[in-house]
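Visitor:
Protein chains: 2
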Amino acid sequence: MRPKGKTGTRKKILDTALEMFSLYGYKGSSIRLIAKKVGIRESSVYSHFKSKAEILNALITEYKSRKVSAEIISDKILDYIDKPEIFMKKFCEKIFEQWNTPYERRMMRLFLIEQFAEREGTEISLTSFLKEIRDVWEFVFGQMIKFKLIKKTDPSLLANEFTSVLFIIRFEYLTDEKGENLDKALKLANKHAGFFWKAIRK
Amino acid sequence: MRPKGKTGTRKKILDTALEMFSLYGYKGSSIRLIAKKVGIRESSVYSHFKSKAEILNALITEYKSRKVSAEIISDKILDYIDKPEIFMKKFCEKIFEQWNTPYERRMMRLFLIEQFAEREGTEISLTSFLKEIRDVWEFVFGQMIKFKLIKKTDPSLLANEFTSVLFIIRFEYLTDEKGENLDKALKLANKHAGFFWKAIRK
DNA sequence: GTCTATAAGGAGATAGAC
DNA sequence: GTCTATCTCCTTATAGAC
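As you go down the protein sequences, you meet chains A and B in turn.
Each residue of the first sequence is one higher than the one before, starting from 1 at the first, in the numbering used here.
Each residue of the second sequence is one higher than the one before, starting from 1001 at the first, in the numbering used here.
(1) Using the Cβ count rule (16 or more neighbours within 10 Å means buried), how would you classify GLU114 (chain A)?
(2) Does the beta-carbon of ARG41 (chain A) have 16 or more other beta-carbons within 10 angstroms, so that it is buried, or is it exposed?
(3) Distance cutoff 9 Å, beta carbons only. Does ALA1058 (chain B) sit that close to anything in chain A?
(4) Run through chain A and tell me which residues come within less than 7 Å of LYS1089 (chain B), C-beta to C-beta.
(5) Helix, strand or coil for PHE196 (chain A)? Go by DSSP, reduced to three states.
(6) Using C-beta distances below 7 Å, list every residue in its chain close to THR16 (chain A), excluding the 5 sequence neighbours before and after it, in chain order.
(7) Going by Cα to Cα distance, which pick from B:ARG1032, B:TYR1080, B:MET1088 and B:LYS1027 is closest to PHE1196 (chain B)?
(8) Quick one, which residues of the stretch 162 to 173 of chain A are near chain B if we go by CB-CB under 7 Å, in chain order?
(9) Would you identify the three-state DSSP class for ILE150 (chain A), choosing helix, strand or coil?
(10) Taking a cut of 8 Å between CB atoms, which residues from the stretch 1175 to 1192 of chain B lie near chain A?
(11) Pull up the distance between the alpha-carbon of TYR1080 (chain B) and that of PRO102 (chain A), whole angstroms please.
(12) Whole angstroms is fine: what's the gap from LEU1078 (chain B)'s alpha carbon to ILE1168 (chain B)'s?
(13) For the stretch 111 to 128 of chain A, enumerate the residues whose C-beta is nearer than 9 Å to any C-beta of chain B, in chain order.
(14) Mind checking if TYR103 (chain A) is an interface residue toward chain B, Cβ cutoff 9 Å exclusive?
(15) Is there a C-beta anywhere in chain B that falls below 9 Å from the one on TYR63 (chain A)?
(16) Taking GLN1098 (chain B) as part of the alpha helix (DSSP H), name the residues at either end of that continuous run.
(17) Using a Cβ distance threshold of 8 Å, determine whether the stretch 1043 to 1063 of chain B contacts the stretch 1120 to 1129 of chain B, with at least three qualifying pairs required.
(18) Taking its Cβ as the centre, do 16 or more other Cβ atoms sit within 10 Å of GLY8 (chain A), making it buried, or is it exposed?
(19) How is GLU1019 (chain B) classed by DSSP in three states: helix, strand or coil?
(20) From the DSSP output, in three-state form, read off ARG201 (chain A) for me.
(21) Out of A:ALA189, A:ASN181 and A:GLU118, which has the shortest C-alpha to C-alpha gap to GLY1025 (chain B)?
(22) Note down, in chain order, each residue of its chain lying with its Cβ closer than 6 Å to the Cβ of HIS1192 (chain B), except the 5 sequence neighbours on either side.
(23) Taking the straight line between their C-alpha atoms, what separation do you get for GLY142 (chain A) and PRO155 (chain A)?
(24) Thinking C-beta only, is ILE200 (chain A) closer than 9 Å to PRO84 (chain A)?
(25) Only counting the same chain, and skipping five residues up and downstream in sequence, which positions put a Cβ closer than 7 Å to that of ARG1002 (chain B)?
(26) For the stretch 1129 to 1187 of chain B, list the alpha helix (DSSP H) runs that are entirely contained and at least 4 residues long, ordered along the chain.
(27) Can you name the start and end residues of the alpha helix (DSSP H) that TYR103 (chain A) belongs to?
(28) Among B:GLU1177, B:LYS1198, B:THR1163 and B:ILE1150, which one has its Cα closest to the Cα of CYS1092 (chain B)?
(29) So, with DSSP's three-state summary, where would you put TYR26 (chain A)?
(30) From GLY28 (chain A) to PHE1111 (chain B), what does the alpha carbon distance come to, in whole angstroms?
(31) What's the call for ALA159 (chain A), buried or exposed, on a 16-neighbour Cβ count within 10 Å?
(32) Taking ILE145 (chain A) as the reference, which of A:LYS202, A:LYS52, A:GLU161 and A:ASP75 has the closest Cα?
(33) Using only the alpha-carbon positions, how far apart do VAL1045 (chain B) and LEU126 (chain A) sit?
(34) So which residues on chain B does LYS202 (chain A) lean against when the C-beta distance must stay under 9 Å?
(35) Start and end of the alpha helix (DSSP H) containing GLU42 (chain A)?
(36) Rounded to the nearest angstrom, what separates ILE133 (chain A) and GLU71 (chain A) at their Cα positions?
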C-alpha cells in the first residue's frame, strides 16, 4: 500500500535536509551529512533527487502548496467575528500554535536564511510569507468596518499594523529549536491584541 | 600618517567580506573570492586575519561597538518631544535614512542570515538588534506619559508596538541591495506613526 | 605584506555492480 | 534503491621566498 516506488527514504531525506538547512543554511549543509543522518550513502540520495538544489526546490514547492491561515479563520473562531477583541485573541492562539510546529519553525528559518541568496528557479522572499496572512486580515478588518464594529480606517493599514507585531514576536521566538517559549509568545500576542483593540474600537 | 602597519587592506577585506557574507552567507563566501575581489592572493588574507571566522568576528564586534539610535534621539528632534506625532515621524525619517546605508543594510542581512547558525565566541541574535531601539522608545514613551502627553499605558508595550512595525518595514525593503525604495518605506513608516499617534493620544 | 606552492580534506556528482 | 569506488573541483590554511 505504499505510494509507488517509495520506501519512505525520499521523505526522510526531505525532513533531514530541512532540519539541516534551517540550522546551517543551504550551503552549510552537505549531502554527505544528510545521507549519513538518513542512514544511507551519499550516492543513494541521487536516486531520489538529481541534485542538491532539487532538494531545496522540493521543500519550498511543497511548502508553498499548503494554505493554512485562511483555514484558521474559517475555523470555529468565526463565531466571534462580531466580537473583534476575542476574535483577534483567538486567532493569535491558533496561529502561534501552528507556527510552533517544528516544520513551520524550520521553514520560516530557512526562508529567513536563504531569502537573500540569488537562486535560479525557486523564489524565496519574506514578503510572500507576510502577504498571505496580511491579506486575510485586510479582508477581516474590511468586514469589521462594514458592520461598524470598529472605526473606519484603511483596512490594509490595519492589517499591516496588526500582523507586523505578530511576526516580530514570531521571529524572536524562532531561535529556540524546541519551541518551548510558546507561552511567552502567546502572552505578548494577547497584550498586543488588547492594545490593538483599544486603538480601533469605536 | 597611516595607522601603524596598515595599508588599508584590512579594511578592504572587511568591506568585501561583509558584502559577500550578506549576499551569500558566511559558508557561501570563500576566502578565495574575497581575496580576488580585494585584489590580493588568498594567502595574503592570513596576514590580516588568522582565520575566516576571525573576519566574521571582527565585523560583528566592530558593529556592536557602535551606538546610534540614542544619538538620533538626542539630535535636533528632541525639540519636538512635546509634540509626539511630529517626534515619531521625525524619528522614522532619521532612522530609515540611517538604516538605508549599505553598511547597515548588509549588517542587518548578515544578522538575519547567520543568527541561527551555532557559532563559538560571537553571539548573533535578532533580539539584540531590536532591543537597542526598543529601549530608547520605552524611555521616550515613559517621559511622554510622565508629562501627560499620551494615555497612561505600559511603556514597554508601547515601545514594542511602535518599533515592531518599523522593523517589518525595514525587513521588507532589505532585499534590494541598492536601497532604492527608501521613499516607499518612509511613506509606510509615516502612516504607521500617524495611526499610532491616534492610538495613544489622550 | 604579498607572493608561489602546496598540503589535506570536503564538496557535489557519476558509473556500474548487486 | 542501495552500495563501493572514483572523479573533479573547491575549501581553509600553512611554509617559506622576496
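The beta-carbon is built from N, C-alpha and C at its ideal position, and this holds for glycine as well.
Guide: Concretely, from the data shown:
(1) Buried, by the Cβ-count rule.
(2) exposed
(3) Residue contact check for ALA1058 (chain B) against chain A: no CB pair falls below 9 Å.
(4) Near LYS1089 (chain B) there are no residues of chain A at all, since even the closest Cβ is about 15 Å away, more than 7 Å.
(5) It is helical.
(6) ILE34, LYS37 and VAL38
(7) B:MET1088
(8) Taking a C-beta cut-off of 7 Å against chain B, the contacting residues of the stretch 162 to 173 of chain A are SER164, VAL165, PHE167, ILE168, PHE171 and GLU172, listed in chain order.
(9) strand
(10) THR1175, LEU1188, LYS1191 and HIS1192
(11) One C-alpha to the other measures close to 46 Å.
(12) 25 Å
(13) LEU112, ILE113, GLU114, GLN115, PHE116, ALA117, GLU118, SER125, LEU126 and THR127
(14) no
(15) no
(16) 1084 to 1099
(17) yes
(18) exposed
(19) helix
(20) strand
(21) A:GLU118
(22) VAL1165
(23) In this model, GLY142 (chain A) and PRO155 (chain A) are separated by some 5 Å (Cα to Cα).
(24) yes
(25) With a pLDDT of only 41 at ARG1002 (chain B), under the threshold of 50, the placement of this residue in the model should not be trusted; the figure read from the coordinates follows. Within the same chain, ARG1002 (chain B) has no close Cβ partners at all.
(26) 1155 to 1172
(27) 102 to 114
(28) B:THR1163
(29) coil
(30) 16 Å
(31) When all chains shown are included, ALA159 (chain A) counts as buried.
(32) Nearest C-alpha to ILE145 (chain A): A:LYS202.
(33) Their Cα atoms are separated by approximately 34 Å.
(34) Here the premise fails: no neighbours, minimum Cβ distance about 13 Å.
(35) Segment 42 to 45, the alpha helix (DSSP H) holding GLU42 (chain A).
(36) 11 Å
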